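Notes follow the structure.
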Amino acid sequence: ACNQLQFAISLRRAMAKLIMWNLVTLDGFFEGPGHDISWHHDAWSEDLETLSLEQGHSASGLLFGRVTYELMADYWPKESGPIADFMNALPKHVFSRTQTQSGWNNTRMLSGDAPQIVERLKRESAKDIYLFGIADLASGLVDRGLIDEYRIGIAPILLGSGTPLFKQGSQKTGLSLLETRPVARGVVILRYAPAR
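Numbering follows our numbering, with no gaps: position 64 of the sequence shown is 48.
Structure follows, in structure tokens:
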């Protein structure tokens, strides 16, 4: 029994972390009506670009739901520069009930039990996986305890309406603060881990 416990602990340590990373308005929306994310331009800075590059180098892949994926796939292949380079090169894992193929480089379309698949991806990945947007997908992963860190950039913008980052109905989850970091343009980066 002791050896099984040690094996389980070593497996847990070996698993990649799933990190949710999102820019969110002060009133809690990660996109405006009609999936509008143009407000990101008002919050973007060299600080966020540097953070994005650091995260890109520490990532083994990106995780999206279909809607966020479509926004990203429409934007990044046309862009150039260091961030576009890693967004286009990194493996992308996309959950969709309707799409089975992608035209975006290095993209794998997934369907089925999302928590089970994400758990497998974490076991198979040597580096962290970053989860963007996707309130629907995130709520199932939150409830199963599969998100290891919440990295949220709070932008000093009130949208008034849009898609909230977290869906109503998710179970209560306690979090521990890891870091608070103010950056340019009044954005504050908050890092939390699930309270264990």
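All C-beta atoms in this analysis are idealised placements derived from N, C-alpha and C, irrespective of residue type, glycine included.
Only a predicted model underlies this, so the values are computations on that prediction, with no experimental measurement involved.
With hydrogens ignored, establish whether the beta-carbon of serine 42 is closer than 8 Å to any heavy atom of the ligand PLP.
-> No copy of the ligand PLP appears in this structure; indeed no ligand is present at all.
Tell me where the alpha helix (DSSP H) around alanine 182 begins and ends.
-> It is not possible to answer for residue 182, since the shown part of the chain is limited to -15 through 180.
Expressed to the nearest angstrom, what Euclidean distance is found between the alpha-carbon atoms of leucine 32 and arginine 135?
-> Distance between the alpha carbons of leucine 32 and arginine 135 is about 12 Å.
Endpoints, the beta strand (DSSP E) within which arginine 165 is located = Looking at the DSSP string, the run of the beta strand (DSSP E) that includes arginine 165 is 159 to 166.
Cβ distance (whole Å) where lysine 1 is taken to contact aspartate 132 below 8 Å | That pair is a contact at about 4 Å.
Taking the alpha carbon of alanine 168 as the point to measure from, which residue in Pro148, Ala139, Ser80 has its own alpha carbon closest?
-> When only C-alpha atoms are compared, the closest one is Ala139.
Leaving out five residues before and five after leucine 142 in sequence, what residues of the same chain have Cβ atoms less than 8 Å from its Cβ?
-> Closer than 8 Å at Cβ, skipping near neighbours: Thr9, Leu10, Asp11.
Over what stretch of residues does the beta strand (DSSP E) that includes aspartate 112 continue unbroken?
-> Note, aspartate 112: beta strand (DSSP E), 112 to 115.
Please state if the CB of glutamine 83 and the CB of methionine 93 are separated by a distance shorter than 9 Å.
-> If you check the CB distance, methionine 93 and glutamine 83 come in under 9 Å.
Three-state class that DSSP yields for isoleucine 138 in the structure shown | In the structure shown, isoleucine 138 sits in a strand (DSSP, three-state: E or B).
Consult DSSP for leucine -5 and reduce its assignment to one of helix, strand or coil.
-> Low confidence applies here, because leucine -5 scores a pLDDT of 47, under 50, leaving its location unreliable and the question unanswered by this model.
Determine the extent of the beta strand (DSSP E) in which alanine 43 is found, giving its start and end residues.
-> Note, alanine 43: beta strand (DSSP E), 43 to 49.
Can you tell me which of Gly18, Ile21, Trp28, Gly49 puts its alpha carbon nearest to the alpha carbon of proline 114?
-> What sits at residue 114 in the sequence shown is tyrosine, not proline. Checked all of Gly18, Ile21, Trp28, Gly49; the closest Cα to tyrosine 114 is Gly49.
For lysine 76, three-class secondary structure by DSSP | If DSSP states are grouped into helix, strand and coil, lysine 76 belongs with the strands.
N-terminal and C-terminal residue of the alpha helix (DSSP H) that arginine 92 is part of | Run containing arginine 92: none in the alpha helix (DSSP H); it sits in the beta strand (DSSP E), 91 to 94.
Outcome for alanine 98 when other beta-carbon atoms lying within 10 angstroms are tallied against a minimum of 16 | A residue is called buried when at least 16 other Cβ atoms come within 10 angstroms of its Cβ; alanine 98 meets this threshold and is buried.
Where does alanine 0 fall in DSSP's three states?
-> Reduced to three states, the DSSP call for alanine 0 is coil.
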